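K.L.:
Numbering-wise (numbering that gives the first Met the number 0), the sequence shown opens with residue 0 and increments by one. A virtual CB, placed ideally from N, CA and C, is assigned to each residue, including glycine. Computed from a predicted structure; not experimentally measured.
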Amino acid sequence: MQNKSKFLRMKESKKDSEKEVWDPIQMRSSSGNPLVHGSSSRPIPKLMVWLILFVSVIYVIYTLKLLASSAEDSYDDIPFTLSLHRSLFNPNRTAEMTKEKASLHPHRDAREKQVGLLRMPKAPPRWRPTEIHDVVFGIAASSKLWQKRKEYIKIWYKPDRMRGVVWLDNRVKYSAEDNRTLPPVRFSSDTSKFHYTNSQGHRSAIRISRIVTETLSMNMDNVRWFVMGDDDTVFITENLIRVLRKYDHTQYYYIGSLSESHIQNIFFSYSMAYGGGGFAISYPLAKALSKMQDRCIQRYPGLYGSDDRMQACMAELGVPLTKELGFHQCNPSSRWVKFQIRKISAVDDEEVGPTVLECLDLGLLVFSPSANIARGFHAPLVWEHPSSICVIYVEIFEESYIISIYVGQEKNVFVGLLGERNVLYCVYLVEPSAFEATNPPMYDVYGNLFGLLAAHPVTPLVSLHHLDVVEPIYPNVTRVQALNHLMLPAKLDSAGIMQQSICYDKTRSWTISVSWGFAIQVFRGIFSPREIEMPSRTFLNWYKRADYTAYSFNTRPVSRNPCQKPFVFYMSSVRMHSKLNTTVSKYDRHRVPHPPCRWKMADPNNLQMVIVYKKPDPNLWNRSPRRNCCRVMKTKEPRTMEVDVGVCKEGEFSEI
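Rendered as C-alpha cells:
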C-alpha cells in the first residue's frame, strides 16, 4: 500500500515537471515572445506580406531572365500570320532570316556576356500602296501620225509625276513644248532578224510587241508595273492606280481587257489583252518575259499583230489574262467602212455588162465564183481602196465565200453562202462622208461611243482608245477638246467618272439614267434597271445583220418606240462647292429632232437643264462593286431638274 502511494506521487511529480518544461515552449516563440497574450498575435500578417513580396520579386526576376535569354530566338517563334505577312511583302526576307539565325546561334552566349543587351527582332517592312511613280508607261507610236496623236498623250500624261517612254519607228520633230509636256522619245531596236510571214499584217507588230522588254532594259528604279498603250490611248491614271492596287506587284500579273467586238475576240483570242486599250504587266513578269521573248517571237512568225504575240508568250509562261473591264479597246472598223453584197444574175453578157461596169466605175470589187471556184481553198482576191481606207480579201470555198475587210490592223469578217455559180457578186463600199449624211447627227450608228459610255459597267474607267476614228464623246467640239472636257470632272472625282445611276421621277413617269461627268438620259415611261444598265446600240458592227450579236456584252436598241427615244443632256460645267464638299455639275439639253409622241404624260421636251449634286467618293472602289443611287429632288424651276447622286442608303435601291 505504501509502495503504491509512493508510485503515484512520483508519477504526478513527473507530469508536473514535464508540464513546466512544455508550457514555455508552447507559449513562446524562438525569440522568446509570447504567442497568445495581448498584442502578440499582430506579427502574423506582416510576415505573410513580406513572404509574398519576396516570392513575387523572385518570380519577376526569373521571368525577365527567361525573356532575355529567349530574345534572340524570337525569329523561331514568329507567329504564322506575321511570317506570312513578311514573306508576301518582302520575299527575300525568309532567306535572310535563315542565314542570320544560322550565324547568330553559335556565338549567342559570347555576345550576351560581352554586350549584355537584348537583341529584339526587326519589325517587318511597312507596306506601301502602289502610287503613280511606281508605274512606267510604254507608249507605242508611229512617226507618220506623231504630230496629230501626241496631243492625246498631253491630255493625261504629267511629266512631273509620271514616268514613261514613247517608242517610235523613225525620227520626228520634237519641240521645246514637247520636251516639257511629253515623255522622252526612244527608237525601237532593229527587228529585221525576226521572221514575219503574215501577208495581211505589218511587221511593225514585232517592234511594238517588244516595247515592254525594251522599257525594262532601261533599268529604272523602283518599278512595280509596266503599262502598255498606244499613242491614241487616253488613261484615267487615278483609276489605273486603283485597279493595280488590287494586285500584288511581286507576283506574275498580266492585266487588261478584251475587244468590245465578239468577232475580233473570236478571230484573235478571248485570252488576249488588247494593247490599244492598254494592259499592265508586273515587274517580275516583265523580267521573266525579257528572258524568253525573242525566242518566243521567232516561234510565231505567222501571227498578225503585237497583242497576239504578247499573249502567245504569256501562254508559254503559263500566265492567264486577268480581265479588268475598265480598259476599253473601242474597235473603230465599223466607223470607217460599210459595205453591201449585191448579187448580179448572169443571164447573158449584155444584161450583166452594164451593171458590172457601174460597179467597177465606182471603184468597187467584183468577183465571180464561176471564174474562181475550185476544190477546197483558193488564194484570196486582194483589192485596195484608192484612198487607202481599207483592203478587201475574198476567199472562195466550194459552197461559201469569206470577205475580210482590213482597216489598218483591224479585221472584219463577212461569211456568205454561194448561190448559183453563174452569178457575179459586187461589193459596194460606203465611205464615212457619204454614210454620215444619211444618218441623224445624234446617233451616228457607226462609231458613236455614247451608248457604251452612258451605261459604263460597274468598274472604274481606266482607258479609251481609237479616239481619232470615232466621234468626239461630247458634241460640237473636236476630239481633243472633248477629252480635255472629260478631264474636268475626272479631276474632282475620278472614281465616279462615267459611273451610271438609275432613278425614277414617279410623279411624271420618267426614267433617269445618270452617267456622272458625261451625260444624262431622260426616258418617257418606266424602264427596269436591268434594261437601262445595258448599253444602247449607238455603235454597230459593220455587218448589220449581226449587230445584236456582234459584241461581247449585252446591248439594247436605241428605242423600240418613237416615244421612248431618250432626251440627252451633256455635261457643260462642273465645280466643287467647298462649303458642302459636293460637286455641282450642269448638263445642257442636246438639241436633236424628236418624233411626235401622243402619250398622255409629262413631256421631257420642256426640260432645258439637269443639275447633279454628288460628293466625291475616293473610296468607292475599296468597297464591293455597286452602282450609286440617285434621287430626283424637288425644284421650283419647271425647266430644270435637280438630282442627288451618292452611296445608296440602308434599304435604298432602284425600285420601279
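Considering only DSSP beta bridges, list what E641 is partnered with.
P.N.:
As a position in the sequence shown, residue 641 is number 642, starting the count at 1. E641 pairs with I610, M632.
K.L.:
Spell out a yes or no on whether the segment 559-573 and the segment 512-520 are touching, meaning 3 or more CB-CB pairs, one atom from each, closer than 8 Å.
P.N.:
The segment 559-573 vs the segment 512-520: in contact.
K.L.:
Return helix, strand or coil for D587, following the three-state DSSP convention.
P.N.:
Numbered from its first residue, the sequence shown carries residue 587 at position 588. Looking at D587 - three-state DSSP - the assignment turns out to be strand.
K.L.:
In chain order, which continuous runs of the beta strand (DSSP E) of length 3 or greater are located wholly inside the segment 447-504?
P.N.:
499-504
K.L.:
Once DSSP output is grouped into helix, strand and coil, what is the label at I138?
P.N.:
As a first step, residue 138 is located in the sequence shown; it is residue number 139 there, counting from the start. Correct three-state label for I138: strand.
K.L.:
Per DSSP, I254 forms a beta bridge with which residues?
P.N.:
On the sequence shown, position 255 is the one that residue 254 refers to. Answer by DSSP bridge pairing, in chain order: A279, T321.
K.L.:
Can you check whether the CB of L324 is closer than 8 Å to the CB of D281?
P.N.:
As a working mapping, residue 281 is identified with position 282 in the sequence shown. As a working mapping, residue 324 is identified with position 325 in the sequence shown. Reading the sequence as shown, one finds Ser at residue 281 and not Asp. No, these two residues do not count as a Cβ contact at 8 Å.
K.L.:
Let me know the secondary structure DSSP gives R298 once reduced to three states.
P.N.:
Position 299 of the sequence shown, counting from 1, holds the residue named residue 298. Coil.
K.L.:
Going by beta-carbon coordinates alone, are L243 and T321 separated by less than 8 Å?
P.N.:
As a working note, residue 243 is residue 244 in the sequence shown. As a working note, residue 321 is residue 322 in the sequence shown. Not a contact, by the Cβ cut-off of 8 Å.
K.L.:
Where do the N-terminal and C-terminal ends of the beta strand (DSSP E) with Y569 fall, by residue?
P.N.:
Here residue 569 refers to the residue found at position 570 when the sequence shown is read from its first residue. 566-576 is the extent of the beta strand (DSSP E) around Y569.
K.L.:
Let me make sure I understand the geometry here. Which of E532, K505, R160 has the alpha-carbon closest to that of I525?
P.N.:
Walking along the sequence shown from the start, residue 525 turns up at place 526. The residue with the shortest Cα to Cα distance from I525 is K505.
K.L.:
Using only the alpha-carbon positions, how far apart do E315 and L463 sit?
P.N.:
Working through the sequence shown from its first residue, we reach residue 315 at position 316. Working through the sequence shown from its first residue, we reach residue 463 at position 464. Rounded to whole angstroms, E315 to L463 spans 29 Å at the Cα level.
K.L.:
Going by the DSSP bridge assignment, what does A518 pair with across the sheet?
P.N.:
The sequence position of residue 518 within the sequence shown is 519, counting from 1. Beta-bridge pairing links A518 to S514, Y569.
K.L.:
Whole-angstrom Cβ separation of F278 and G137, contact assumed at under 8 Å?
P.N.:
Your numbering for residue 278 matches position 279 in the sequence shown. Your numbering for residue 137 matches position 138 in the sequence shown. For F278 against G137, the beta-carbon gap comes to about 10 Å, at or over 8 Å, which does not count as contact.
K.L.:
Please state the DSSP three-state secondary structure of T236.
P.N.:
As a working note, residue 236 is residue 237 in the sequence shown. Of the three classes helix, strand and coil, the one that applies to T236 here is helix, per DSSP.
K.L.:
If you count every other CB in all the chains shown that lies within 10 Å of the CB of W620, and 16 or more means buried, which is it?
P.N.:
By one-based count along the sequence shown, residue 620 stands at place 621. Buried.
K.L.:
For F652, count neighbouring C-beta atoms within 10 Å of its own C-beta (all shown protein chains included) and say buried if the count is 16 or more, exposed if not.
P.N.:
If you number the sequence shown from 1, residue 652 lands on position 653. When all chains shown are included, F652 counts as exposed.
K.L.:
Count the other C-beta atoms from every protein chain shown that fall within 10 angstroms of the C-beta of Y61, then say buried if there are 16 or more, exposed otherwise.
P.N.:
For this step, residue 61 is matched to residue 62 along the sequence shown. Label assigned to Y61: exposed.
K.L.:
Buried or exposed: R127, going by 16 or more other Cβ atoms within 10 Å of its Cβ?
P.N.:
Locating residue 127 in the sequence shown gives position 128, where the first residue counts as 1. Label assigned to R127: exposed.
K.L.:
Would the segment 131-150 and the segment 163-171 be scored as touching if the rule is three or more Cβ pairs under 8 Å?
P.N.:
Look at the beta carbons and you see the segment 131-150 touching the segment 163-171: at least three pairs across the two are nearer than 8 Å.
K.L.:
Can you list, in chain order, the residues of its chain with a C-beta nearer than 6 Å to that of S387? Leave out the 5 residues immediately preceding and following it.
P.N.:
Working through the sequence shown from its first residue, we reach residue 387 at position 388. Confidence at S387 is low in this model, with a pLDDT of 45, below 50, so its placement is unreliable and the value that follows should be read with caution. So the list is empty, once near-sequence residues are dropped.
K.L.:
Residues in the same chain with beta-carbon distance under 8 Å from K286, minus the five sequence neighbours each way, listed in chain order, please.
P.N.:
Residue mapping note: residue 286 aligns to position 287 of the sequence shown, counting from 1. Same-chain partners within the cutoff: L215.
K.L.:
Apply the 10 Å Cβ neighbour rule to I655 and answer buried if 16 or more other Cβ atoms are within range, or exposed otherwise.
P.N.:
Translated into the one-based positions of the sequence shown, residue 655 becomes position 656. Counting Cβ neighbours within 10 Å, I655 comes out exposed, since fewer than 16 surround it.
K.L.:
Do the segment 480-495 and the segment 614-629 meet, that is, are 3 or more Cβ pairs less than 8 Å apart?
P.N.:
yes
K.L.:
Considering only residues of the segment 177-241, which uninterrupted beta strand (DSSP E) runs meet the minimum length of 3 residues and lie entirely inside it, listed in chain order?
P.N.:
Those beta strand (DSSP E) runs which fall completely within the segment 177-241 and span 3+ residues are 184-186, 224-229.
K.L.:
Under a three-way DSSP split, which group does W733 fall into?
P.N.:
The question about residue 733 has no answer here: the residues shown for the chain are numbered 0 through 655.
K.L.:
Bridge partners for V164 per DSSP, in chain order?
P.N.:
Locating residue 164 in the sequence shown gives position 165, counting from the first residue. Answer is G137.
K.L.:
Since S268 sits in a beta bridge, which residues does DSSP pair it with?
P.N.:
Here the question's residue 268 lines up with position 269 in the sequence shown. In the DSSP output, where bridge partners are listed per residue, S268 has none listed.
K.L.:
Pair every Cβ in the segment 233-247 with every Cβ in the segment 452-463, then say whether three or more of these pairs are closer than 8 Å.
P.N.:
yes
K.L.:
Cα-Cα, which of S198, T634, D189 is closest to E213?
P.N.:
For the purposes of this step, residue 213 is identified with residue 214 of the sequence shown, where counting begins at 1. Here the closest residue by C-alpha is D189.
K.L.:
Per DSSP, which one or two residues make a beta bridge with S535?
P.N.:
Residue mapping note: residue 535 aligns to position 536 of the sequence shown, counting from 1. Paired residue(s): R555.
K.L.:
In three-state terms, what does DSSP make of F326?
P.N.:
Here residue 326 refers to the residue found at position 327 of the sequence shown. For F326, the secondary structure class from DSSP, reduced to helix, strand or coil, is strand.
K.L.:
Below 8 Å between beta carbons: does that hold for G516 and M600?
P.N.:
Here residue 516 refers to the residue found at position 517 of the sequence shown. Here residue 600 refers to the residue found at position 601 of the sequence shown. The answer is no: Cβ separation not under 8 Å.
K.L.:
Would you mind sorting D307 into buried or exposed? The rule is 16 or more other CB atoms within 10 Å of its CB.
P.N.:
In the sequence shown, the residue the question calls residue 307 occupies position 308. So D307 counts as buried.
K.L.:
Quick one: grab the DSSP three-state call for T62.
P.N.:
Mapped onto the sequence shown, residue 62 falls at position 63. Residue state, collapsed to three classes: helix.
K.L.:
From the DSSP output, which residues share a beta bridge with R523?
P.N.:
Here residue 523 is taken as the residue at index 524 of the sequence shown, counted from 1. R523 pairs with W509.
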